[in-house]
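**Q**
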Amino acid sequence: MMMVFGLFVFELRTLPYQQLQLSRNWRHVKNDRVGRSAKWQYVGAGENQLTLGGLLYPEITGGNLSLGAVSTMACTGLAWPLIDGVGSIYGCMSSRACRKRIRSSIAMIRRKN
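Per this note's numbering, numbering of the sequence shown is gapless, rising by one per residue and ending at 121.
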């Protein structure tokens, strides 16, 4: 198991990912003051964004069924717990986007007479 997102398990036979990018932000606001320079104040954690990327080979790994399961979870609009394979808890995350690109190689075969 590579990671669990709610009810979906990322593994080699479902949706294996090759890279994980985590972006975390913290919010600070600027308070202007009369006759003095502005002061910055920490107001809390900002938005966290996690991006998974990789290649999917339907003949070997998961296919449309796995992508459909993740899309169905996204359609609920709920935040699901995200835990990686070593037990690190990323918190409750919601799906915002899923990008799919299909490439195929079709070889043209000519019959020689």
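For glycine and all other residues, C-beta sits at the position ideal for the given N, C-alpha and C. Nothing here was measured: the structure is a model prediction, and the numbers come from that model.
Where does Thr22 land, buried or exposed, given buried means 16+ other C-beta within 10 angstroms?
**A** Along the sequence shown, read from residue 1 onward, the residue named residue 22 stands at position 14. The residue is buried, with at least 16 neighbouring Cβ atoms inside 10 Å.
**Q** Take Gly71 and list the residues in its own chain whose beta-carbon comes closer than 8 Å to its own, dropping the five residues that flank it on each side.
**A** Walking along the sequence shown from the start, residue 71 turns up at place 63. Within the same chain, Gly71 has close Cβ partners Leu64.
**Q** Can you list, in chain order, the residues of its chain with a C-beta nearer than 6 Å to that of Gln26? Leave out the 5 residues immediately preceding and following it.
**A** Taking the sequence shown and counting its residues from 1, one reaches residue 26 at position 18. When the five nearest sequence neighbours on each side are left out, the beta carbons in the same chain lying within less than 6 Å of the beta carbon of Gln26 are those of Gly62, in order along the chain.
**Q** Counting only the same chain and skipping the five closest in sequence on each side, list residues whose C-beta sits under 7 Å from that of Ser79.
**A** Position 71 of the sequence shown, counting from 1, holds the residue named residue 79. Same-chain partners within the cutoff: Cys106.
**Q** Check this for me: beta carbons of Leu86 and Met11, under 8 Å apart or not?
**A** Here the question's residue 86 lines up with position 78 in the sequence shown. Here the question's residue 11 lines up with position 3 in the sequence shown. Cβ atoms of Leu86 and Met11: not closer than 8 Å.
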